[in-house]
Amino acid sequence: MSNDFIIPFSFQPLPQSFYTQPTLELAKSLLGCLLVNETESGTASGFIVETEAYMGPEDQAAHSFNNRRTKRTEIMFGPAGHVYTYVMHTHCLVNVVSSTIEKPEAILIRAVEPFSGKELMKERRKVDHIKNWTNGPGKLTKALGITMSSYGHLLTERPLFITEGFTPANISSGPRIGIDNSGEAKDYPWRFWVTGNPFVSKSR
DNA sequence: CGGACGATTCTCT
DNA sequence: GAGAATCGTCCGG
-18 MSNDFIIPFS
-8 FQPLPQSFYT
2 QPTLELAKSL
12 LGCLLVNETE
22 SGTASGFIVE
32 TEAYMGPEDQ
42 AAHSFNNRRT
52 KRTEIMFGPA
62 GHVYTYVMHT
72 HCLVNVVSST
82 IEKPEAILIR
92 AVEPFSGKEL
102 MKERRKVDHI
112 KNWTNGPGKL
122 TKALGITMSS
132 YGHLLTERPL
142 FITEGFTPAN
152 ISSGPRIGID
162 NSGEAKDYPW
172 RFWVTGNPFV
182 SKSR
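Residue numbers for the first sequence, in this note's numbering: -18 to 185.
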């Protein structure tokens, strides 16, 4: 596609200081940023348009609820800016670790808007319509080629990184998706999205 | 080592 | 909107 040539030389990964802002702030700051993944088969990127914050020990919906510390959640207890990937129903989902050491908070990236490497995304997703390439947490990882091998990767480094994108005109918020069995936490408005963006996974 | 369980997706109706 | 697919992770025995 026409804008593919811009990647990967023009943009610098955001510094680690970007990731140390409070988790709920970071979840909103990530909206509009460009998520880039460089692989052997090529580079693909998309603007983040939907996120969800998971607030650690107090948040019943979080994997780290009650400080549950396993091989899977271990990365959440480390410093901000690392990648937390995990497998859900055969799909790989990608999170940004936030907060500080020993405070296991993270932000799930639920949707992006395709920017570069669109042919590659189409090939990976095997569906025609662009709207279905990246409008869900399991879809975007497949389109961008993000796998469990990215677990623990630091986002200030290539090949997987986040860089400056656009500033959303408006941000909406509401309850998170797919956590109905999480007690009171299911109603917390910790899902954020770019208002009106067509790649957001659910309208609500 | 077996079984239960999803921060999902896709295919119908 | 409901139901199936499908598999890595976690926990109990």
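We put the beta carbon where it would ideally sit given N, CA and C, even for glycine. If you're wondering where the values come from, they're calculated on a predicted model, not measured in any experiment.
{"Item": "Local Cβ density within 10 Å of Phe129, reported as buried at 16 or more and exposed below that", "Value": "Reading off the sequence shown, one finds Met at residue 129, where the question assumed Phe. With fewer than 16 other Cβ atoms within 10 Å, it is exposed."}
{"Item": "Same chain, Cβ closer than 6 Å to Val64, neighbours up to 5 away in sequence not counted", "Value": "Ser131, His134"}
{"Item": "Nearest candidate by alpha-carbon position, reference Asp109, set Lys99, Gly117, Pro118", "Value": "Lys99"}
{"Item": "Short Cβ contact (9 Å threshold) for Ile90 with Pro118", "Value": "yes"}
{"Item": "Chain-order list of residues whose beta-carbon lies under 8 Å from that of Leu(-5) (same chain, five-residue window excluded)", "Value": "Cys14, Leu136, Thr137, Phe142, Ile143, Thr144, Glu145"}
{"Item": "Residue span of the beta strand (DSSP E) that contains Leu141, given as start and end", "Value": "141 to 144"}
{"Item": "Beta-carbon proximity check, Tyr0 vs Gly62, cutoff 9 Å", "Value": "yes"}
{"Item": "Own chain residues within Cβ distance below 7 Å of Ala87, not counting five before or after", "Value": "Tyr35, Met57, Tyr65, Asn76, Val77, Val78, Ser79"}
{"Item": "Residue interval of the beta strand (DSSP E) (run including Glu33)", "Value": "23 to 35"}
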